[in-house]
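To start, the structure under review is shown below, and the notes come after it.
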Amino acid sequence: MPLPKLLYLCINDGSDTRINKEIKTLSTHFDVVYLGIGRDDSQAFVKPYCAEFCLIEGHHKSLGTLVRYFFAFVKRYFTQSFRSIHVINEQLLLIFFPLLIWSRRRVVADIFDSIFLRSASPIVRSLQSLLYRLPKTIIVTDDNRKTLVPKEFQNKTVVVENYPYAFYDVQSKAAAADELLILYSGSLGVTRGTVLLAELLKCSSKVKVWMIGWVYDEPTRLLSQHPQVTFWGVKTQQETMRLASECDYILSVYEPINDNNLNASPNKIYDAVQSQTPVIINAEIKVSQFVAKNRLGYVLESYYSSDFELLLQQLIAQKKDFVFDNDLRRRYTWEAIAQKLIETHLE
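The following block contains the structure:
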């Protein structure tokens, strides 16, 4: 008997870590039709799990690309029967609102990069109540993010955490005792740690950085070319964790410029638990309290800390002081919570 169809809408090229976990999980219960945006499918790790993989070539901020994306959606919406429609973030809810409103009982909104937390505009914020009425279920990534959903939508909001798959291929640390090797992964930009790393590199030739992910600005591109930096490109989460296990720290800082950053739900914290490599996180981010309580990494007093020589000394001195409890490693895995994702579509 054929599986029911699920339409998965996002503006990613199929390389995103969370999207990969979701598609792999959903493909066990649905024929997934993936509609994304990207330059090419060379990093479309989700492709083998999709019944149909459609990537609209271009950039998600290009009007022409979005128009072609819209018509690709319309074609599938009217020619195929979908048991469920999974929509990543509010922008696509807005773009497809006139059509999705007729399918609202089948729509699941997956919010992990909220425009309403990134913007202070009253006009943008006023759209939230309208858009959140559309889906039958809203997915967020942690309990804190759930509290930020307006009260009238709390009863249809489900937490599907940003945990990685269980990881067992832990490697030996690559740096000597007096050296520092930091993993810089994911979305790479000036608000995510580029400036901090550039300053640490100035302090000592014994500081090394491994970069993995998507470069978002010119200062970060220049950082990737630094002689003490190795840029690995885009990797799967398992490949990233293997490299993370060789490092002394995983960088997980966010400039405290908006509510989205202050309430960040970084998968890097749970990557740290699995790879047994501590994180570096700034105290402004709410989840840093969890990091400090469980001794999962070094908490910067502020994102804007400026004594980089002292910071370097402390990072080297403390890099072996952190603890990774086996109970945490068993608890914080995608395998432990994946069923919650499936249930959002089957209910």
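Mapping of the sequence shown onto my numbering: position 87 corresponds to residue 87, and the numbering continues sequentially without gaps.
Glycine included, each C-beta is placed from N, C-alpha and C at the ideal position.
Handout entry: DSSP-derived helix/strand/coil call for Asn349
Key = This structure does not reach residue 349, given that the chain is present from 1 up to 347, and the question cannot be answered.
Practice task
Specify whether the region 115-129 and the region 84-100 touch according to this definition: at least 3 beta carbon pairs, one from each stretch, less than 8 angstroms apart.
Solution key: yes
Handout entry: Sub-8 angstroms separation of Thr277 and Ile250 beta-carbons
Key = yes
Handout entry: Limits of the unbroken alpha helix (DSSP H) element including Glu22
Key = Thr17 to Leu26
Practice task
Could you tell me if Leu196 is buried or exposed, where buried requires 16 or more neighbouring beta carbons within 10 angstroms of its beta carbon?
Solution key: buried
Handout entry: Contact set for Ile342: own chain, Cβ-Cβ below 8 angstroms, skip 5 residues either direction
Key = Thr25, Leu26, Thr28 and His29
Problem - Exposure label - Gly233; buried when at least 16 CB within 10 Å - result: exposed
Problem - Bridge partners - Ala338, DSSP secondary structure assignment - result: BP columns for Ala338 are empty, so no partner.
Exercise for the section: Just grab the DSSP bridge partners of Gly213 for me. Expected result: Gly186
Practice task
Would you kindly work out how many angstroms separate the C-alpha atoms of Val159 and Glu22, rounded to a whole number?
Solution key: 14 angstroms
Practice task
Just tell me which of Asp259, Glu255 and Lys268 has its CA closest to the CA of Asn282.
Solution key: Glu255
Practice task
For Leu311, collect the residues of the same chain with a Cβ closer than 8 angstroms to its Cβ; drop the 5 residues on either side in sequence, then sort them by chain order.
Solution key: Leu200, Leu300 and Ser305
Practice task
Report all residues from its chain with a CB closer than 6 angstroms to the CB of Gly38; omit the five preceding and five following residues, and keep chain order.
Solution key: Asp13 and Leu55
Problem - Neighbour-count burial assignment, Glu284, 16 or more Cβ in a 10 Å radius - result: buried
Practice task
Kindly indicate which residue of Phe116, Phe231, Val149 and Asp110 has the alpha-carbon position closest to the one of Gly213.
Solution key: Phe231
Practice task
Please report how far the alpha carbon of Gln154 lies from the alpha carbon of Asp142, in whole angstroms.
Solution key: 13 angstroms
Exercise for the section: Determine the DSSP secondary structure at Leu328, reduced to helix, strand or coil. Expected result: helix
Practice task
Indicate the three-state DSSP secondary structure (helix, strand or coil) for His352 in the structure shown.
Solution key: Outside the shown range of the chain (1 to 347) lies residue 352, about which nothing can therefore be said.
Exercise for the section: Return no unless some Cβ of chain D is closer than 8 angstroms to the Cβ of Glu255. Expected result: The structure shown contains no chain D, having only a single protein chain.
Practice task
In the DSSP assignment, find the unbroken beta strand (DSSP E) run with Ile280 in it and report its ends.
Solution key: Val279 to Asn282
Exercise for the section: Following the continuous beta strand (DSSP E) through Ala109, name the residue where it begins and the one where it ends. Expected result: Val107 to Asp110
Problem - Per DSSP, the bridge partner or partners of Tyr249 - result: Ile182
Exercise for the section: Quick one: residues in its chain with C-beta nearer than 7 angstroms to the C-beta of Ala264, no 5 flanking neighbours on either side, listed in chain order? Expected result: Tyr254, Ile285 and Val287
Practice task
Look up Cys54 in the DSSP assignment and give the residues it is bridged to.
Solution key: Leu35
Handout entry: Euclidean distance between Cα positions of Arg145 and Phe308
Key = 32 angstroms
Practice task
For Tyr64, count neighbouring C-beta atoms within 10 Å of its own C-beta (all shown protein chains included) and say buried if the count is 16 or more, exposed if not.
Solution key: A quick correction: the sequence has Gly, not Tyr, at residue 64. The residue is exposed, with fewer than 16 neighbouring Cβ atoms inside 10 Å.
Exercise for the section: Determine the DSSP secondary structure at Leu7, reduced to helix, strand or coil. Expected result: strand
Exercise for the section: Find out if the Cβ-Cβ distance for the pair Val348, Lys136 is shorter than 8 angstroms. Expected result: Only positions 1 to 347 of the chain appear in the structure, and residue 348 is not among them; the question remains open.
Exercise for the section: Could you check which residue in Asn260, Lys75 and Ala198 has the C-alpha nearest to that of Ala120? Expected result: Asn260
Handout entry: As assigned by DSSP and simplified to three states, the class of Lys47
Key = helix
Problem - Inter-residue spacing [alpha-carbon to alpha-carbon] between Val190 and Phe78 - result: 42 angstroms
Practice task
Counting only the same chain and skipping the five closest in sequence on each side, list residues whose C-beta sits under 7 angstroms from that of Arg221.
Solution key: Val215
Exercise for the section: Measuring alpha carbon to alpha carbon, tell me which of Phe45, Leu262 and Pro98 ends up nearest Ser114. Expected result: Leu262
Exercise for the section: Please confirm whether Ile182 and Asp271 have their CB atoms less than 8 angstroms apart. Expected result: no
Practice task
Could you work out which residue in Trp210, Tyr184, Arg329 and Val33 is closest to Val170 when comparing CA atoms only?
Solution key: Arg329
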